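These notes concern the structure reproduced below.
Numbering (UniProt numbering), first residue to last: 1 to 272.
Rendered as structure tokens:
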């Protein structure tokens, strides 16, 4: 399958993010042997694998036979989505064991820039603590998650997200020909489904996380004005991110570009 694998540790924390991959039989023989060695001694992970396999088997059975009652389909889909979210959130807090082809590994950054760019009326005088969104956005950027669609066409990427998230995905417009779209995938921010889109800028990775940001609060004292736009610049333990709000959708942008260049790119988004 074209995996790049690190040495497998025997702990559940290393196994859980890849249950789907194991159930779908996408590992090679050596990788599968590592997984099965862990399963042989772990009742908890073995039960999760069995549950996931049963759900997928039932789902495929319903698709191949007569159409099941709508309530059953919704229940199965909901349970699968819950398992998917749990797996992705677990994977987001650590480096994954492998990188699938199609994901571009960015250079190690001494600092990632986190910016939040919002209409003035949406910026609430939040407390000094940062929202969980900040941490989660950085983790999605750091994680080498596989792209579910690989394309350089913004319209194709937007269309792919239709019916997968609860909002219209309109990709940001960057006034710079050096910003190249690579693709995207489904992600999660707290309990909300999100669209994760990846770009490349002169070899640096720039990720954009789109989600319903209703209720998002940011520190008023962090607001800057760049090119007539209000930008909230935040730092989190040496990391940073970037976010834009437009038509009810929040765009969280993360990159390891230098501060001035990154702020310029962010300020130029959504221009008509």
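All C-beta atoms, glycine included, are put in the ideal place defined by N, C-alpha and C. Note that this is a predicted model, so its numbers are computed, not measured.
Is the Cβ-Cβ distance between residue i and residue j less than 8 Å?
i           : j           : result
residue 171 : residue 194 : no
residue 269 : residue 174 : yes
residue 226 : residue 263 : yes
residue 137 : residue 209 : yes
residue 205 : residue 267 : no
residue 147 : residue 183 : yes
Under 8 Å Cβ to Cβ from residue i, same chain only, skipping five residues before and after it: list those, please.
i           : result
residue 201 : 176, 178, 179, 180, 255, 257 and 265
In the structure shown, what three-state DSSP assignment does residue i receive?
i           : result
residue 152 : coil
residue 46  : helix
residue 39  : helix
residue 263 : helix
residue 20  : helix
residue 28  : coil
residue 99  : Residue placement at residue 99 is flagged as unreliable, the pLDDT there being 30, under the threshold of 50; a coordinate-derived value is accordingly withheld.
residue 51  : helix
residue 34  : helix
Where DSSP assigns a beta bridge to residue i, which residues make up the other side?
i           : result
residue 251 : 210 and 244
Near residue i, which residues of its chain fall below 6 Å by C-beta distance, leaving aside the five closest residues on each side in sequence?
i           : result
residue 67  : With a pLDDT of 49 at residue 67, under the threshold of 50, the modelled position of this residue cannot be trusted; read the value that follows with caution. Around residue 67: no qualifying Cβ.
residue 211 : 189, 192, 194 and 250
residue 142 : none
Note down, in chain order, each residue of its chain lying with its Cβ closer than 7 Å to the Cβ of residue i, except the 5 sequence neighbours on either side.
i          : result
residue 23 : 49, 52, 53 and 56
residue 39 : 45, 46 and 49
Of all the beta strand (DSSP E) runs that stay within the bounds of the region 127 to 205, which reach a length of 3 or more residues? Correct list: 179 to 189 and 192 to 201.
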